[in-house]
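If you're matching positions, the sequence shown starts at 0 in numbering that gives the first Met the number 0 and goes up one per residue.
In this text, a Cβ means the ideal position worked out from N, Cα and C, and glycines have one as well.
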Amino acid sequence: MLSSVFLSAAADRAGAGTHGARTEADFAKDSRRALHTGLTSLGLLLGLTVASFAQDQRPNILLIVADDMGYADMRAFGGEIETPNLDELAAKGVRFTQFTASATCSPSRSMMLTGTDNHVAGLGNMAEMMAPNQAGKPGYEGFLNDQVAPLPALLKEAGYNTFMAGKWHMGEEPDQIPAARGFIRDLALMPGGGSHLEDMWGATGERLPFTLNGEPLTALRPGYDSSIDYTDAIISNLEEFRNDDKPFFAYLAYQAPHDPFQPPFNWRDFYRGKYDQGYDATRADRIARMQEIGIVPENATVFPRLPAIPAWADLSEQERRESARKMELYAGMVSHMDEQIGKLMAYLKSTGEYDNTLVIFLSDNGPEGTMFPLGAPWDNSRFEDWGRAGTFIQYGAAWAQVSAGPLRMFKGYMSEGGIRTPMIVSGNAVANPGRISDAVAHVMDVPATILDVAGVAHPETFDGKPVVPLQGRSLAPVIEGTSDSVRAPTDWIGMELFGNRAVRMGDWKLLWMCAPSGTGDWQLYDTKNDPGEMNDLASVHPEIRDQMAGYWDEYASANNVVLPDRSPVCPVQD
């Protein structure tokens, strides 16, 4: 069992660095050094002494989720954005290059915390996007329903301390919030996004609801920053229970780098001038690095720049200036999040828990390419203020294609750019660390893997009610290096969102997407060699197309899929 690998981990790890008070000018001068130490804002670690391992030697589990981070953003996956702490996790872990989530956040998160299909777990569609013919149907409740056993609740029952900080987005009623689903501590943003700062503004100016340990939180601390405060909340939880004899499961669900892009002042100008070459050249550079390090094959296909996006050379000087600035701020969000991950890793090392912790990092879906219309109170009128409080900066489809690398489209679509995301599994259980794995993996595999690590069986009943079994599979064989895959070439996985559909079987992917992004008919792709989904093989291999189309029908029936009569990406539904 995977958990046994951790039992022989070295005991105590000491050492934590601190920085004194710093001015804005100080940060501007040495942000790069702070980035690579991962120890900025570690004042809370002053006075800590090295703790012994808890008596319960089962491994700790840390699940870190980025919001809307692209497949090609971090350096370990070919990006130029500085992410030394994620890169260190990759160097000590295994990178999954064929990891699939859903096309948007809450459906992915429902699968990530239950191990069952989102249409079963209650998020068959995002609550905000529920079509009239879906509303009220089983599996379309808009929150985690009682057909599933929540992962944190199972771990809590098994003796784990369970902590959550960050975006929830799976129900806001008292019986749906993190505290009701198994977390003993939480600092949670209830809806899908909004300001990263203390103003608590939603995208349309509404006030964002938060909870703190199950109770409504009506105000955030002065100077609040989502990435800092979520990280510090997890550290505070760990410190509170540091002398307990229980292992922990911590779910750190960052808002970053979801828009609005509001990095702290020391990150706003860190990438100044970095993207003046534009999105075409930046994307080409990323794809070349991805090919060089083995994230995609050397002959990987590339989905072209969307027709509605002008070539960089065709933009005016002012358009180029504004577009580059948006990407600078996005990159600052990613690096700031990475810095906070480094702070948490430093804490775990200081308390001796790092070597006994399995870390899973992933993004919940592809990058956000849609530009949302804004109204009061958001004000982007002054270019010089972009990235500050009160501004809602988005980078749009052009830079989203950069974040997706060679992949087709982005968030919201069942094409690879919407559903293929980076995942790293890191820790002492990883055999041959630094590996890149092309094993087919799905977000439903995350709970199965965690339960395997923890030695916890998935129940047939939960809270007195029968629950559906796990649909995901433990990735332990790949992590341990005993197998290259946890699925046979004929095993398949079905998916649907907003009426668009897909089936994955080995390297084959069957895709149905409505116009204008698709053909409104089944398309067949070899995703390993054709990540850009450029070569439709449906007419070349009609037997595979028809076989997989049959699997789609089987999937839709088994999971009670209701195709929407209204969709944000499909003007007309069949």
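Report the option in the options whose CA atom is closest to the CA atom of residue i.
{"i": "ASN183", "options": "GLU172, GLY165, LYS155", "result": "Before going on, a small fix: residue 183 reads as Ile here, not Asn. For the residues GLU172, GLY165, LYS155, the minimum Cα distance to ILE183 belongs to LYS155."}
{"i": "GLY222", "options": "ARG387, GLY404, LEU328, ILE234", "result": "ARG387"}
{"i": "THR390", "options": "GLY519, ALA487, PRO372, LYS410", "result": "PRO372"}
{"i": "ASP248", "options": "ILE449, THR281, ASP231, MET73", "result": "Checking the displayed sequence, the identity of residue 248 turns out to be Phe instead of Asp. Nearest of ILE449, THR281, ASP231, MET73 to PHE248, Cα basis: ILE449."}
{"i": "PRO465", "options": "PRO259, ARG472, HIS457", "result": "HIS457"}
{"i": "ILE292", "options": "TRP521, GLY549, ASN558, GLY78", "result": "GLY78"}
Bridge partners of residue i, per DSSP?
{"i": "ASN160", "result": "PHE247"}
{"i": "ASP525", "result": "TRP507"}
{"i": "HIS441", "result": "THR99"}
{"i": "SER436", "result": "PHE95"}
{"i": "ASP313", "result": "Paired residue(s): none; ASP313 is not in a bridge."}
{"i": "LYS464", "result": "PHE461"}
{"i": "MET73", "result": "ILE80"}
{"i": "GLN286", "result": "Residue identity check: residue 286 is Ile in the sequence provided, not Gln. Per DSSP, none; premise fails for ILE286."}
{"i": "LEU62", "result": "TYR250, ILE359"}
{"i": "ARG241", "result": "Paired residues: none, contrary to the question."}
Put residue i into one of helix, strand or coil per three-state DSSP.
{"i": "ASP185", "result": "strand"}
{"i": "VAL401", "result": "helix"}
{"i": "GLU81", "result": "coil"}
{"i": "ASN499", "result": "strand"}
{"i": "VAL358", "result": "strand"}
{"i": "LEU154", "result": "helix"}
{"i": "LEU211", "result": "strand"}
{"i": "VAL429", "result": "coil"}
{"i": "LEU605", "result": "In the structure as shown, the chain starts at 0 and stops at 573, and residue 605 therefore has no counterpart that could be examined."}
{"i": "GLY331", "result": "helix"}
{"i": "ARG108", "result": "helix"}
{"i": "VAL424", "result": "strand"}
{"i": "TRP491", "result": "strand"}
{"i": "LYS342", "result": "helix"}
{"i": "THR230", "result": "helix"}
{"i": "ALA218", "result": "coil"}
{"i": "GLY166", "result": "According to the sequence shown, residue 166 is Lys rather than Gly. Strand at LYS166."}
{"i": "ARG324", "result": "helix"}
{"i": "ARG206", "result": "strand"}
{"i": "ARG319", "result": "helix"}
{"i": "ASP55", "result": "coil"}
Count the other CB atoms, across all protein chains shown, that sit within 10 Å of the CB of residue i; report buried if there are 16 or more and exposed otherwise.
{"i": "VAL560", "result": "buried"}
{"i": "ASP224", "result": "buried"}
{"i": "SER556", "result": "exposed"}
{"i": "GLU297", "result": "exposed"}
{"i": "ARG206", "result": "exposed"}
{"i": "ASP228", "result": "buried"}
{"i": "PRO137", "result": "exposed"}
{"i": "ALA330", "result": "buried"}
{"i": "GLY135", "result": "exposed"}
{"i": "PHE382", "result": "exposed"}
{"i": "THR481", "result": "exposed"}
{"i": "ARG271", "result": "exposed"}
{"i": "ASP451", "result": "buried"}
{"i": "GLU327", "result": "buried"}
{"i": "ARG500", "result": "buried"}
Residue i and residue j look like a contact to me (Cβ under 8 Å); what is the Cβ gap, rounded to whole Å?
{"i": "PHE497", "j": "PRO563", "result": "7 Å"}
{"i": "LEU576", "j": "ILE478", "result": "What the structure shows of the chain is the stretch from 0 to 573, and residue 576 is not part of that stretch, so it cannot be assessed."}
{"i": "PHE302", "j": "ARG407", "result": "4 Å"}
{"i": "GLY629", "j": "THR356", "result": "This structure cannot speak to residue 629, because the chain is shown only from 0 to 573."}
{"i": "PRO366", "j": "GLY531", "result": "Rounded, the Cβ-Cβ distance is 15 Å, inconsistent with contact."}
{"i": "ALA187", "j": "GLY193", "result": "In fact, because the Cβ distance is near 13 Å, the residues do not count as touching under 8 Å."}
{"i": "THR113", "j": "VAL147", "result": "4 Å"}
{"i": "MET199", "j": "GLU171", "result": "15 Å between Cβ atoms; not a contact."}
For chain D, find out if any of its Cβ atoms is closer than 8 Å to the Cβ of residue i; answer yes or no.
{"i": "MET443", "result": "The question asks about chain D, but that chain is absent: this structure has only one protein chain."}
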